[in-house]
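So the structure is just underneath, and the comments pick up after that.
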Amino acid sequence: MSLLKTIDPNPSFEPKHRTAEPDRLIAGSPAFKTWLQDTAKDGRVNTGVFEATPGETHSIKGETFEFCHLVHGVIELTEKGKEPVIYRAGDSFVMKPGYVGVWKTIETVRKIFVTVT
Numbered sequence: 001m002s003l004l005k006t007i008d009p010n011p012s013f014e015p016k017h018r019t020a021e022p023d024r025l026i027a028g029s030p031a032f033k034t035w036l037q038d039t040a041k042d043g044r045v046n047t048g049v050f051e052a053t054p055g056e057t058h059s060i061k062g063e064t065f066e067f068c069h070l071v072h073g074v075i076e077l078t079e080k081g082k083e084p085v086i087y088r089a090g091d092s093f094v095m096k097p098g099y100v101g102v103w104k105t106i107e108t109v110r111k112i113f114v115t116v117t
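Last residue of the sequence shown: 117 (UniProt numbering), numbering continuous.
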């Protein structure tokens, strides 16, 4: 087993499809695709690619730490009680455990992610 894993930003296998949970949906009808490419530590660390179409949802991280690198698209994140922040292709950010806010996909976004729970 190799301890080096390349994450393909354009995977060729079928993603997991889903839509926003009704209690998380704010506006639009965003559709989500997830290509899980690696898991470790008994499923506590996950790495892959995520894509979302335009829409607006509540983002609640709970106990999850998430690193994101945008491959393409534009989003606006608004942490509860803070000013909105715009992220574009090429940008990276972290949402720490306890993060609560709004995720607004302005242009279809694709990101590479690493989550740790």
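Glycine is no exception: its CB is placed at the ideal position from the N, C-alpha and C atoms.
What does residue i pair with, by DSSP beta-bridge criteria?
i     : result
Ile7  : None, per the DSSP bridge assignment.
Phe50 : Thr34, Lys111
Ala27 : Glu56
What residues in its chain sit with their C-beta under 6 Å from that of residue i, if we drop five residues either side in the sequence?
i      : result
Lys16  : Thr34
Val100 : Ile60, Lys80
Val85  : Leu77
Arg44  : Thr117
Measuring alpha carbon to alpha carbon, tell me which residue in the options is nearest residue i.
i      : options                    : result
Glu21  : Phe32, Glu79, Thr6, Met95  : Phe32
Thr117 : Pro30, Lys96, Ile86, Asp8  : Lys96
Ala52  : Phe13, Thr64, Ile106       : Ile106
Glu66  : Glu56, Pro54, Gly55, Asn46 : Asn46
Ser12  : Gly48, Asp23, Leu25, Leu4  : Gly48
Ser29  : Asp23, Asn10, Glu56, Asp8  : Glu56
Pro54  : Thr64, Thr115, Ile26       : Ile26
Quick one, are the C-beta atoms of residue i and residue j less than 7 Å apart?
i      : j     : result
Lys104 : Glu83 : no
Glu6   : Thr64 : The residue you asked about is not Glu; residue 6 is Thr in the sequence shown. Result no, Cβ atoms of Thr6 and Thr64 do not sit closer than 7 Å.
Val102 : Thr78 : yes
Cutting at 7 Å between CB atoms, please list the residues of its own chain near residue i, excluding the five before and the five after it.
i     : result
Arg18 : Phe32
His58 : Arg24, Ile26, Val102
Are there any heavy atoms of the ligand COA lying less than 6 Å away from the beta-carbon of residue i, as far as the coordinates show?
i      : result
Thr105 : Absence of the ligand COA is noted for the structure shown, with no ligands found whatsoever.
Using a Cβ-Cβ cutoff of less than 8 Å, which residues in the same chain neighbour residue i once the five nearest sequence positions on both sides are dropped?
i    : result
Pro9 : Val49, Val71, Arg110, Ile112
The stretch 79–96 contacting the stretch 58–71, beta-carbon criterion three pairs below 8 Å
Yes, they touch.
Could you tell me whether the stretch 39–46 touches the stretch 101–110, where touching means 3 or more Cβ pairs closer than 8 Å?
With the cut-off at 8 Å, the stretch 39–46 and the stretch 101–110 do not touch.
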